[in-house]
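Novice: Read in order, the letters of the sequence shown are residues 3 to 474 in the numbering used here. We put the CB at the ideal spot given by N, CA and C, even for glycine. A single structure is presented below for examination.
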Amino acid sequence: MSDYLHGIETSQENEINMTIRPADMSAVCIIGTTPKEIEGYPKVTNYRELNQYLGNNLDGFTLYDAAETVLKESEGADIYPINIYDRAKHTVSVEKSITFTDKQCELKELDIQELVLKRTADEETTILNINTDYTFENNVITLELENAENITASYKYFDVTKITDSDVIGGVDENGKRTGLYKIYDIKAEWGIMPRIIIAPGFSSKNVRNSIEEIVNKIRGLSFVDAPNGINVPLVEKTRLKEINGIDLTGTNEDVVMCLPYVKRYNSYQNTTALKPLSPVLAGIRVRLDRERNIAKSIDNTVSKTIRGLEFPIYFDETDRNSDSNRLSAVGVVTAVNKDGEYRIWGCHSMAFPKDDGLMTIESAKRTRNFIELSIENSSFECIGENITQGFIDDVLNSINSFFKAKSNPLDRKTQIMYGGEAFYDEAKNTAENLSKGRITFSYKHCPLSTADNIKFEDVLDITIITKTLNN
C-alpha cells in the first residue's frame, strides 16, 4: 500500500517518555570505628581511598577491616563509612610504670594519645622529651637514654567498652545533627544515593538490630547482622526462638539476614590472622553477585575470597539434616562451610524464616521485590506534575510492562530476575473524585525468581531392567 494520502493525518505522541531505570541497590554503608577522623561523608571505591579515609587495618577497630573485606569480596564497590568512635567520649586516661626490654616497650592499648614519659631519680621527677629522649611509633616506645629505670607513662587510649548501643544507633539532636546509623540520611543528601546494604560488624545487640531493622524497612534495603561470637550451634537454635541468659537472637524481619560464626581473615598490614565478623563477607559477595549475575542470584553456595577459617568447626553435609550447617539454616541463620577446601556461604533465608516459609523469606527474592518497587518509583519522578490523560496512563503502563518483559526473559540468565509481571489501570481505584484531586493509582503484579533451597531426587530400583537388558 502506498504511503500517499489525499486528506488529513495526525500523529499522536505519548505525553511523557518514561523509561524504567534500575535502582541502585549495591551501595554499602558500614558503621564502625577508626582512629582516623573522617571529615564529611566520603565514598570508598578502591584501596587508595581506603587508606586515605580510614587509615590502616588496626586490630581493635572495625571500619578498615570491614571495608577492605567488602572490596576484596566484591572486586569493586561503593562504600560509605560511618565512624562512631569519638575521642572525647570513648577514651580513658592511665598512668603506670613501664619496663623496657632492649630499650623498647610496647603499649597494648588502642589509639594512644597525649603520651608523656617521666623518670624519677633521687626523688626528682623529670619529663622526658620525645624525639630526643625517646621515640614512639606503632605503639612501641624506643628509649634513647642509657638508664631505663623508674619510668612512668601517662596517656589516653581508646576503650572499646565505652561504645554503647546508643552510639551505634545514634539519632537526631535538637540542632538537627544526625549521629550513628542515622547518618545514612546525610549520605543520601550528600551523594544523591541511598546505600541499601547496611552492616555494623561487631555490634550485634538486640537494640542495634532493632534500629537497623527499622531503617532497612524504611529504605527497603538489606542488612547482614552477626550473631555474637563465642556461642555455639545449640545455643543459636535456642536463642533464635527466645532470649536465654541475655542472648537474644529473635527476630522475623524479611530485610535482615543473620550470620554465624565469626571467621578468620588475614590482616596484611599487621601480618596477622584473626577472628572477624562474617557480615562484611556477605555484603561484598552480595555486591559481586549484583554485578556479575543479577540481583536475583542468592548469596547461597557462593565461594568467599577472604575466609581463611572459622571460629569453630561447622560440620557440613548437604544430605544430613542433623549437620551443623542445616541446623543453622533451619532457624534462618546463614553460615560459612568448608566444601572441598573452599569456604562457601550456606543459607538463603532472612530472619523471617522459619516463622514464615514463603517466597519473601528468601533474601534474593525479597530484595528483588524491593528493587522492582524502587526502580518504578524512581523512574516515575518525572511524571509528577503531568496532566492525567489517556496518553499519560498508556505511557506509564507501557513503560512498566516493557520493564517486566525485559526482566522476565528466560533466555537471558543475566537479565532475568522475575517469572513475569503485569501493570494495569484499575478503574475502581481511580474514581472521578480521586482523579479530580490529582490522585491516580497504577497497579501491578509480579513474581521474583525463587531459589533452590531443597533439591529432592527419587531413586527407583527397577529389577525389570535385568531382563530388558539380557533379552536384548
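Should valine 336 go down as buried or exposed, given a rule of 16 or more other Cβ atoms within 10 Å for buried?
Specialist: Burial call: buried.
Novice: Relative to the C-alpha of isoleucine 442, which candidate in Thr36, Leu451, Lys431 has its C-alpha closest?
Specialist: For the residues Thr36, Leu451, Lys431, the minimum Cα distance to isoleucine 442 belongs to Lys431.
Novice: What are the boundary residues of the alpha helix (DSSP H) that includes lysine 368?
Specialist: Here the alpha helix (DSSP H) through lysine 368 covers 365 to 381.
Novice: If valine 218 sits next to serine 225, beta carbons under 8 Å apart, how far is it from one beta carbon to the other, in whole angstroms?
Specialist: Yes, valine 218 and serine 225 are in contact; Cβ-Cβ is about 5 Å, under 8 Å.
Novice: For isoleucine 201 and threonine 163, what's the separation of their Cα atoms in angstroms?
Specialist: If you take the alpha carbons of isoleucine 201 and threonine 163, they lie about 20 Å apart.
Novice: Classify leucine 7: buried if its beta carbon has 16 or more other beta carbons within 10 angstroms, exposed otherwise.
Specialist: Burial call: exposed.
Novice: So, for valine 259: in the same chain, excluding its five sequence neighbours on each side, which residues have a beta-carbon less than 6 Å away from its beta-carbon?
Specialist: The answer, listed in chain order, is Phe226, Val336, Ser352, Glu365.
Novice: Check each candidate in Val235, Asn411, Phe205 and name the one with the smallest Cα separation from phenylalanine 492.
Specialist: Here the chain covers residues 3 to 474 and nothing more, so residue 492 does not appear.
Novice: Our contact map puts valine 238 next to leucine 312 with C-beta atoms below 8 Å; I'd like the distance itself, whole angstroms only.
Specialist: Not really, about 14 Å apart at Cβ, beyond 8 Å.
Novice: For arginine 242, is the classification buried or exposed, using 16 other Cβ atoms within 10 angstroms of its Cβ as the cut-off for buried?
Specialist: It counts as buried.
Novice: Please report the Cβ distance between threonine 453 and serine 300, rounded to the nearest whole angstrom; I am assuming they are in contact, meaning their Cβ atoms lie under 8 Å.
Specialist: That pair is a contact at about 4 Å.
Novice: Within the chosen definition, does the segment 65 to 83 reach the segment 100 to 107 through at least 3 CB pairs nearer than 8 Å?
Specialist: No: fewer than three Cβ pairs fall under 8 Å.
Novice: In the DSSP assignment, find the unbroken beta strand (DSSP E) run with tyrosine 136 in it and report its ends.
Specialist: First-last of the beta strand (DSSP E) with tyrosine 136: 136 to 139.
Novice: Please give me, in chain order, every unbroken run of the alpha helix (DSSP H) with length at least 4 that falls completely inside the segment 63 to 111.
Specialist: DSSP runs (the alpha helix (DSSP H)) wholly in the segment 63 to 111: 65 to 76.
Novice: Would you call the segment 448 to 462 and the segment 375 to 382 touching, i.e. three or more CB-CB distances under 8 Å?
Specialist: Short answer: they don't touch.
Novice: Applying the criterion that 16 or more other CB atoms from any shown protein chain within 10 Å of the CB defines a buried residue, is methionine 20 buried or exposed?
Specialist: Buried.
Novice: Give the range of the beta strand (DSSP E) segment to which glutamate 126 is assigned.
Specialist: Its beta strand (DSSP E) spans residues 126 to 129.
Novice: With alanine 408 as the anchor, note down where its alpha helix (DSSP H) starts and where it stops.
Specialist: Where alanine 408 is concerned, the enclosing alpha helix (DSSP H) stretches over 392 to 408.
Novice: Mind checking isoleucine 468: buried by the 16 CB within 10 Å criterion, or exposed?
Specialist: Looking at its Cβ environment, which holds fewer than 16 other Cβ atoms inside 10 Å, isoleucine 468 is exposed.
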